[in-house]
Structure formats: structure tokens, C-alpha cells
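Report on the following structure.
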Amino acid sequence: EAKEAGRATTVVYSERVRDRRAGRLAIETDLRRAAERGEFSLEYQPRLGTLDGTLRGMEALLRWDHPEMGRIPPSHFIPIAEESGLIVPIGHWVLETACKQARYWMQRGFPDLKVAINLSVRQFRDAGLLQKVVEALEASGLPPANLELEITESGLMSDLDRAVDLLQDLKALGITIAIDDFGTGYSSLSYLKRLPIDLLKIDRSFISGISDNADDRAICQAIVSMAASLTLETVAEGVETESQFECLQEIGCREVQGYYFARPLSVGDFSTYLTRHPANSPR
Ligand code: C2E
Ligand code: MG
Ligand code: MG
Ligand code: MG
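Spelled out as C-alpha cells, the structure:
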């Protein structure tokens, strides 16, 4: 009997695995066509200065509107794009599109606006990345100082020597490098010292507890002071409440991003947001 039950469970299990594989494969097939069918778009989430509330820049976030399934969250399709390698061409599209869009907004009265783009581990490992960044800057006319690349710790730590070389080349162009989701990976202080980076984005998981959890608050405080002593800036991601924002002000985190200020916005909504927002400090 136990054997029977065991077999039944196995059948159900393998059916699930098969369904999931089939679902994954279908997503992968659809992802391959998504770009040429114009199903991708970008949203832009404002990032603000903690002290004066001015708009400093925005993070470009990829959106996929599937013709039958509707909008599929990045947490669902990015891992598939990553594993299949499709993230490389998709990432190039993101880079080109975001640089052009940022240049457009810059020219309309926001010369200091900085656009932040997420790079996946796979893209970071791709030999053509540096060239692609150069091309995207040239094609768009976006000054390198207005571009920031966000990379996760896992992308950097797997091959530290190569990461250092590549980051140095990228930084030599004049762009800014951020570590995304900071605190969730394995970076040690010595790694951080070796990496030519400019800022740390404190992961949302620490921000969510900052106003009522002493440990989270201590972690954020430690990240900010450690960053300061390494002359790195800090940005908090996922700020959702006023009390979280107040804690970040007290701690001295320089910039903030989150639903409390603004959600990721479509191009049209971001343009409207710009017209209602004080221009960031003139040069
Ligand atoms: P991420 O880079 O850490 O981006 C921040 C995520 O947090 C975004 O989710 C954003 O919409 C969400 N968020 C912002 N403020 C808040 C808040 O106050 N509360 C909450 N609960 N969430 C907030 P999204 O757009 O779903 O993207 C998820 C992840 O997908 C990103 O995390 C990033 O790792 C990846 N991703 C998005 N776009 C791209 C892309 O163009 N290329 C690559 N390689 N990855 C991307
Ligand atoms: Mg990010
Ligand atoms: Mg992040
Ligand atoms: Mg995150």
C-alpha cells in the first residue's frame, strides 16, 4: 500500500515537474519573440535626495506584456531569460532604450537626471558588455555621467578579478556603478574595498523592518557608516512608509526610492511626474 501511495505521489510529482517544464519552455519560446513583437517596455521609478527631496534620477525596470497572459512580473521571466541566455539581447534593448529615453528627458530641462539600469549576472559575464555600453552611449548621446549600472553581489563575487577589470573599464567611461540588493549576498569588507564601485543600494528586506526592528535598523546604520568610510554613497530601495523614510534621514542614507514616493511609472506618467517635480540642482 505504501508502495502504491508512493507511486501515486511520484506520478503527480512528475506531472507537476513536466507541467512546470512545459510552462517554462512556453515562456522561453514566447520570450524569444517578445522583442520583435514589441511586447517589452520600460517603467521608470524616481529616486530622490533624502535631504532636499529633489529628483536625482530613476531606475529603469523591464516590463513584459504577454499577448495572452498579460503582464508577467520580472521575477518570473528574468530567471528564464537569464538561464536561456536571452537576457543578453534583451539587456541590450533595455540599455539602448533607457539611454535614449534618459537623454530625451535630460534635454527637456533635467540635465542631471541619472538613469540606473539593472545588469544580470549573465550580461555582466558577456564579453561584449563594454562595447555595448559604449555603443548605447554613442547612439543616444547620453553623457556617461548620466548612466548608472546596477549589479548584484553574486554577479561580482563569482569572478572577482574579472569583475575588478571590467568595472574599471566601465568606470573609465565615466559611468557610475552600484551594487544592487546590498546585504543579501556575500560581500565582505575586503571585497568592497577592491571593487571600483560608487554606491550601495540597501536591499528592501532591511528597509521594510527599519522603523520597528532594532536589528534591521542596526544593519542599515552599519551599511551607511561602512559605506561612508569607504567613500561610497547609499541608496535605500523599497521605502514604503513615512517612518521608514524618517529613519533613513536620521541614519544619513543619501537617496531613497520606493512606493512611498512613487511607483515605477510608464514613460507618459514619468513625463508628467517631471513637470510637477522641482528640477534637480542646476549645474
Ligand atoms: P531590483 O533591481 O531590486 O528593483 C526593485 C524592485 O522593487 C522593482 O521590482 C520595483 O518595482 C520594486 N519596488 C520599488 N519600490 C518598492 C516598494 O516600495 N515596495 C515594494 N514592495 N517593491 C518596490 P520589479 O520591477 O518587479 O523588478 C524586480 C527585479 O527584476 C529587479 O529588482 C531586478 O532584479 C529585475 N529587473 C527588472 N528590470 C530588469 C532589467 O531591465 N534587467 C535585468 N537584468 N533585471 C531587471
Ligand atoms: Mg535594481
Ligand atoms: Mg534592488
Ligand atoms: Mg531588490
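In the UniProt record's numbering, the protein residues as written are 412 to 694. Here a beta-carbon is modelled for each residue, glycine too, at the ideal position from N, C-alpha and C. Computed from a prediction, not measured in an experiment: that's the story for all the values here.
Taking 8 angstroms as the line, does the beta carbon of residue i fall inside it for any heavy atom of ligand 1?
i              : result
leucine 686    : Here residue 686 turns out to be threonine, not leucine, going by the sequence shown. False, no ligand heavy atom lies under 8 angstroms from that Cβ.
glycine 660    : The sequence shown places glutamine at residue 660, not glycine. Glutamine 660 Cβ: outside cutoff for every heavy atom of ligand 1.
residue 366    : Nothing in the structure corresponds to residue 366, since the chain is present only between 412 and 694.
arginine 674   : yes
isoleucine 489 : yes
proline 457    : no
Any heavy atom of ligand 2 closer than 8 angstroms to the beta-carbon of residue i?
i             : result
lysine 612    : yes
glutamate 666 : no
aspartate 591 : yes
glutamate 454 : no
glutamate 657 : no
glutamate 564 : no
Going by CA-CA distance only, name the one from the options that's closest to residue i.
i             : options                        : result
histidine 688 : Arg467, Leu442, Ala629         : Arg467
glycine 552   : Gly566, Trp516, Asn529, Cys510 : Cys510
leucine 578   : Tyr597, Arg514, Ala550, Arg536 : Arg536
valine 505    : Ile630, Arg514, Leu530, His487 : Leu530
residue 708   : Phe656, Arg448, Leu641         : The requested residue 708 does not occur in the structure, where the chain is confined to residues 412 to 694.
valine 545    : Leu603, Glu439, His503         : His503
Leaving aside the five residues before and after residue i along the sequence, list all residues of the same chain whose C-beta is less than 6 angstroms from its C-beta, in chain order.
i            : result
arginine 674 : none
proline 485  : Leu473
glycine 663  : Val635
In chain order, what residues of the same chain lie with their CB nearer than 7 angstroms to the CB of residue i, ignoring the 5 residues before and after it?
i            : result
tyrosine 684 : Pro457, Ala673, Leu676
arginine 585 : Looking at the sequence itself, residue 585 is glycine, so the reference to arginine does not match. Pro555, Ala556.
serine 565   : Val532, Gly596
To which residues of the same chain is residue i closer than 8 angstroms at the C-beta, ignoring the five residues directly before and after it?
i            : result
alanine 433  : none
glycine 496  : Arg533
valine 646   : Arg458, Ala589, Leu610, Leu611, Lys612, Ile613, Cys664, Arg665, Glu666, Val667, Gln668
glycine 620  : Asp626, Asp627, Arg628
tyrosine 670 : Gly649, Val650, Glu651
Under 9 angstroms, do residue i and residue j count as touching if we go by C-beta distance?
i              : j              : result
leucine 606    : valine 575     : yes
leucine 609    : leucine 643    : The amino acid occupying residue 609 in the given sequence is aspartate; leucine does not appear at that position. Yes.
isoleucine 483 : alanine 446    : no
glutamate 470  : isoleucine 528 : yes
glutamate 507  : alanine 547    : yes
threonine 595  : serine 569     : no
glutamate 559  : lysine 582     : no
histidine 477  : glutamate 450  : yes
Using 8 angstroms as the cut-off, classify the Cβ of residue i as near or not near the heavy atoms of ligand 3, replying yes or no.
i             : result
glutamate 479 : no
glutamate 561 : yes
Within 9 angstroms (strictly less), CB to CB, does residue i reach chain B?
i          : result
serine 495 : This model lacks chain B altogether, as it is built from one protein chain only.
Within the segment 607-689, note down every full beta strand (DSSP E) run reaching 3 residues or more, in order along the chain. 610-613, 644-647
Quick check on the DSSP output: what are the complete alpha helix (DSSP H) runs of length 4 or more inside the segment 492-571, in order along the chain? 498-518, 532-536, 540-551, 564-568
Give the list of continuous alpha helix (DSSP H) stretches no shorter than 4 residues that lie fully inside the segment 581-605. 600-605
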